[in-house]
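Data block below; observations after.
Residue numbers (the working numbering), protein chains in the order written: chain B, 83 to 130; chain Z, -11 to 120.
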């Protein structure tokens, strides 16, 4: 029963936080790629 | 129902670090080329046991066995859909393309479909939404 009680759907706020974290991580990922010599020219099309 | 963690990637990114849904990215780079990557959406199905399940996955492996991995430079980018811990579907998303571009496409695609994938996963696994 404890497991079922813990299985609550994610809220819209949670998803918004996930998106925000993903956007932030995207920049870290791009920087990491660039540091290791990967062509990141396509990654600069970052507009939403 | 926990999926295996990405095996031996040079670098891992997890976002967000805390919360019931997260995106995990694993990456190998050799001489300026992405040789392997994984972009995976994960859902915390049992917070008490800290048990995570894969929701969807995009991957690339230029050196792995063909039957076990996708090479996006030859096959294009695919998305694997998971239900109850098993892969239940695979969709082609692009024609063949360079791995570094495929990684960006995977990121963009997941961001665009995040809510839909999460809601569908919750439906499939009986995790009911609070209002209706």
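C-beta atoms are modelled at their ideal positions from N, C-alpha and C, and glycine is treated no differently.
Owing to the predicted nature of the structure, the values given are computational and were not obtained by experimental measurement.
Cross-chain neighbours of residue 110/B in chain Z, by beta carbon under 7 Å:
1
| Separation of residue 101/Z from residue 117/B, as counted between CA atoms | 29 Å
Review point. Is the beta carbon of residue 4/Z less than 8 Å from the beta carbon of residue 99/B?
Key: yes
If you draw a straight line from the alpha carbon of residue 66/Z to that of residue 51/Z, how long is it in whole angstroms?
17 Å
- Query: Would you call residue 15/Z buried or exposed, if buried means 16 or more other Cβ atoms sit within 10 Å of its Cβ?
  - Reply: Buried is the label assigned to residue 15/Z, since at least 16 other Cβ atoms lie within 10 Å of its Cβ.
Flag this pair as yes or no: are the beta carbons of residue 46/Z and residue 94/Z separated by less than 8 Å? yes
inquiry  = Could you tell me which whole alpha helix (DSSP H) segments of length 4 or greater appear in the segment 6 to 49 of chain Z?
reply    = none
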